Amino acid sequence: AAAPPSVAGSAALLSELEAIRTQLREVAASASQHSTAALPPPAAAVGMELLAVHDELSALRLQVSGMSALLSSQQALLVSQQAALAQLTDALGGGGVSARSARG
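Residue numbers (this note's numbering): 224 to 327.
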């Protein structure tokens, strides 16, 4: 069964955030090879801003991961509710003929 669009979108967003995070790590690693004291003040400020963005992206990644888990649990709950409703509908239909097939 394919994931609903909301879960698929969350997975795509997680993948994109992970790619950005990897790029930021590479920039941070490159910057750490050089002493920030040797950098002109604007470059040092950009480095600090990149680290702040990295932290924000990490927090967003956690939020998206949590939302994805919530969506998955909601989807599982919906599937179980649909199954229970189908059983109830069949039981109310009686006579061995399912109410769903009688309607269709």
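From the three backbone atoms N, C-alpha and C, an ideal C-beta is built for every residue, glycine too. Quantities reported herein were computed from a predicted structural model and do not represent experimental measurements.
Hey, residue i and residue j are a contact pair by Cβ (cut 8 Å); roughly how many whole angstroms apart?
i      : j      : result
Ser288 : Leu237 : 7 Å
Between the C-alpha atoms of residue i and residue j, what's the straight-line distance to the nearest angstrom?
i      : j      : result
Gln304 : Leu315 : 16 Å
Ala299 : Val269 : 44 Å
Val302 : Met271 : 47 Å
Ala282 : Val250 : 19 Å
Ala235 : Pro265 : 34 Å
Glu241 : Val276 : 13 Å
Look at the Cβ atom of residue i, then the Cβ atom of residue j, and state whether they are nearer than 8 Å.
i      : j      : result
Ser233 : Leu294 : yes
Leu274 : Arg244 : no
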